[in-house]
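What follows is a set of notes on a single structure, which appears directly below.
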Amino acid sequence: MTALASTGEARAASSPPRVPRRRRGRVRENRAAVLFLAPWLIGFAVFTAWPLIYSAYLSLTDYDVINDPSFVGFDNYAELFADPKISLALTNTLFFTVVQVPLYVAVSLALALLLARAGRASGFFRTVFFLPKMTPPVAVGILFLLLFNGQSGLINSALGTVGIDGPSWTTDPAWVKPGLVIMSLWTVGSSVLILLAALRGVPEELYESATLDGAAAWRRFFSVTLPMISPAVFFVVVVNTIAGLQTFDEAYTAFFGAGNTTYGNDAALFYVIYLFQQAFQFLNMGYASAMAWLLFLVIMVVTAIQAFVSRRLVHYEGGSGR
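Just so it is clear: in the sequence shown, position 305 is 315 by the numbering used here, and no numbers are missing.
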């Protein structure tokens with residue numbers, strides 16, 4: 011018996027330790043996860059990470075696509091502060107975003123509240139509201155010119171029926187951006203669906219308790235509905251703010267496409283439009299890359315401010331704020 015025991019101990023000492031089943035299972039799961047994530051990781055590296063790194067390099071060079079990049083340091087960034095069109099484009103973009111985002115969210119919330127009361131018909135109206143989101147932006151830009159034409163546009167014709175003399179939406183610099191803001195409401199469908207989903211997640215018990223306490227409809231909205239859907243509202247605000255700061259398609263099609271040189275160009279010169287012109291019309295790729303990084307910084311700062319403000323305004327199930 012002693013000899014057998016010693017032999018068994020010797021075999022156990024000489025054989026490698028067995029890997030626990032749980033650990034082997036985790037290794038297999040990790041490998042499977044990496045395989046499933048591989049397409050996204052490759053796409054992110056090729057189409058996002060590498061262009062970011064390369065654009066950062068190009069922003070420090072003078073590059074016209076034809077000749078090799080030549081290093082110029084921070085000259086492109088210094089030129090940004092001396093270029094008067096940068097301040098013009100930033101002002102136009104910020105004005106458009108500040109006016110458009112609150113109006114966009116208000117209209118989306120109003121439509122979501124109506125859909126929440128629509129009952130069985132809500133499915134049809136959800137489709138109707140979302141369909142414009144599928145419209146190509148170029149078509150929306152052309153539609154803008156047709157609807158907002160100062161002489162024969164449908165908008166001014168409708169205003170004329172009630173005795174209002176409509177403005178020159180496409181030529182008067184004071185009305186170009188307000189017209190684009192109104193036109194942007196065409197695509198509220200996606201935000202409506204997000205807010206509608208949030209509204210349907212509000213517990214009915216809260217409304218019943220508020221009603222028993224004698225709260226009126228407006229009080230229930232501000233004390234129950236708005237706090238409970240505030241995370242969705244915050245998401246919609248952030249996403250549409252970023253989209254507003256990158257406005258391009260509709261304004262470019264309406265005012266800059268096909269060599270358009272109307273008087274409203276400067277009023278519709280948004281930042282990304284000017285970036286596009288520098289990159290693909292004037293072939294100033296280095297300067298355009300510096301513009302792109304400035305826009306990235308502006309978006310980061312604006313989003314950080316929104317996140318900071320949301321700590322007091324956004325309510326989560328675990329409490330207010332984060």
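The beta carbon of each residue, even a glycine, is placed where N, CA and C say it ideally should be.
As the structure is a prediction and not an experimental result, all values here were calculated from the model.
(message) Contact defined as beta carbons within less than 8 Å: I believe A302 pairs with S65. What is the distance between those atoms, to the nearest angstrom?
(response) Their Cβ separation, rounded to whole angstroms, is 6 Å, which keeps A302 and S65 in contact under 8 Å.
(message) Suppose you measure from the CA of L124 to the CA of D182; what does that come to, to the nearest Å?
(response) Cα to Cα, the separation comes out at about 35 Å.
(message) Suppose the cutoff is 7 Å on Cβ atoms and the five residues either side in sequence are ignored; what does the same chain contact list for Y73 look like?
(response) P79, M295, G296.
(request) Taking 8 Å as the threshold, find out whether the segment 214-228 comes into contact with the segment 176-190 through three or more Cβ pairs. (result) The segment 214-228, when compared against the segment 176-190, does not touch it at the 8 Å Cβ threshold.
(message) So, at 8 Å on beta carbons, what are the nonlocal neighbours of V202 in its own chain, with the 5 sequence-adjacent residues on each side left out?
(response) The beta carbon of V202 is closer than 8 Å to those of S118, L121, A122, L125, R136, F139, F140 in its chain, skipping five residues each way along the sequence.
(request) Within 10 angstroms of the Cβ of F134, are there 16 or more other Cβ atoms? Answer buried if so, exposed if not. (result) F134 comes out exposed.
(request) Would you tell me roughly how many angstroms separate the C-alpha atoms of T251 and I239, rounded to the nearest one? (result) Spanning the alpha carbons of T251 and I239 requires a straight line of approximately 18 Å.
(message) Can you tell me whether F84 is helix, strand or coil according to DSSP?
(response) DSSP places F84 in the coil class of the three-state scheme, outside both helix and strand.
(message) With distance defined between alpha-carbon atoms, name the residue in S200, T235, F231 nearest to G211.
(response) Residue T235 is the option with its Cα nearest to G211.
(message) For the alpha helix (DSSP H) containing M301, name the first residue and the last one.
(response) Unbroken alpha helix (DSSP H) run through M301: 295-323.
(request) Would you list the residues sitting across from D74 in a DSSP beta bridge? (result) Beta-bridge pairing links D74 to no other residue.
(request) List the whole-angstrom C-beta distance separating W196 from P142, where the pair is believed to meet the contact cut-off of C-beta under 8 Å. (result) Yes, W196 and P142 are in contact; Cβ-Cβ is about 5 Å, under 8 Å.
(request) Please classify G163: is it buried, with 16 or more other beta-carbons within 10 angstroms of its beta-carbon, or exposed? (result) Flag for G163 reads buried.
(message) Under 8 Å, with one C-beta from each stretch per pair, do the segment 280-300 and the segment 254-264 reach the 3-pair mark?
(response) Here the segment 280-300 lies against the segment 254-264, with 3 or more beta-carbon pairs under 8 Å apart.
(request) Kindly indicate the opening and closing residues of the alpha helix (DSSP H) around A207. (result) Unbroken alpha helix (DSSP H) run through A207: 199-210.
(request) Below 7 Å CB to CB, which residues in the same chain sit around L100 once its five sequence neighbours on both sides are set aside? (result) Apart from the 5 residues on each side of it in sequence, L100 sits with its Cβ closer than 7 Å to the Cβ of Y281 in its chain, given in chain order.
(request) Determine the direct distance from the alpha carbon of A43 to that of R34, and round the result to whole angstroms. (result) For the pair R34 and A43, the Cα-to-Cα distance works out to about 14 Å.
(message) Using C-beta distances below 7 Å, list every residue in its chain close to L323, excluding the 5 sequence neighbours before and after it, in chain order.
(response) A distance below 7 Å between beta-carbons, with the five flanking residues on each side excluded, links L323 to the following residues of its chain, in chain order: S240.
(request) With distances taken Cα to Cα, identify the nearest neighbour of A286 among G199, Y262, L304, F306. (result) With the sequence shown as reference, residue 286 is identified as Phe, and Ala is not the correct amino acid for it. Per the Cα distances, Y262.
(request) Could you pull out every residue in the same chain whose Cβ sits closer than 7 Å to the Cβ of I152, ignoring the five residues on either side in sequence? (result) Cβ neighbours of I152 beyond the five flanking positions: T263.
(request) Measure the C-alpha to C-alpha separation of G129 and L206 and round it to an integer number of angstroms. (result) One Cα belongs to G129, the other to L206, and the distance between them is close to 12 Å.
(request) With a 10 Å radius around its C-beta and 16 neighbouring C-beta atoms as the bar for buried, classify G83 as buried or exposed. (result) By the 10 Å Cβ count, G83 comes out exposed.
(message) A317 and V249 - do their beta-carbons sit closer together than 9 Å?
(response) Not closer than 9 Å, so no.
(message) At the level of alpha carbons, what is the spacing between R38 and T107?
(response) Take the alpha-carbon of R38 and the one of T107: they are about 48 Å apart.
(message) On the DSSP letters alone, give me the boundaries of the alpha helix (DSSP H) that I96 sits inside.
(response) Residues 94-126.
(message) At the level of alpha carbons, what is the spacing between G189 and L216?
(response) Distance from the CA of G189 to the CA of L216, rounded to the nearest whole angstrom, comes to 40 Å.
(request) Give me the Cα-Cα distance between V111 and L157, rounded to the nearest whole angstrom. (result) Linking V111 to L157 through their CA atoms gives a straight-line distance of about 22 Å.
(request) Within the same chain, show all residues whose beta-carbon is closer than 6 Å to that of L293, passing over the 5 residues directly before and after it, in chain order. (result) Excluding positions up to five away in sequence, the list reads D74, V75.
(message) Rounding to the nearest angstrom, what Cα-Cα distance links F46 and I52 in this structure?
(response) Their Cα atoms are separated by approximately 11 Å.
(request) Identify, in the order they occur along the chain, each residue of the same chain with its Cβ nearer than 8 Å to the Cβ of V313, setting aside the five sequence neighbours on each side. (result) Residue identity differs from the one stated: residue 313 is Thr in this sequence, not Val. The residues are V248, T251, I252.
(request) Give the secondary structure of G274 by DSSP, where H, G and I count as helix, E and B as strand, and everything else as coil. (result) Because the pLDDT of G274 is 48, which lies under 50, any placement of that residue in the model is unreliable, and the number read from its coordinates should be weighed accordingly. Three-state DSSP puts G274 in coil, outside helix and strand.
(message) Counting only beta-carbon separations shorter than 9 Å, does S167 have a partner in chain C?
(response) No chain C appears in the structure shown, which is made up of a single protein chain.
(request) Compute the Euclidean distance between the alpha carbons of F154 and A225, then round it to the nearest angstrom. (result) Between F154 and A225, the C-alpha separation is close to 43 Å.
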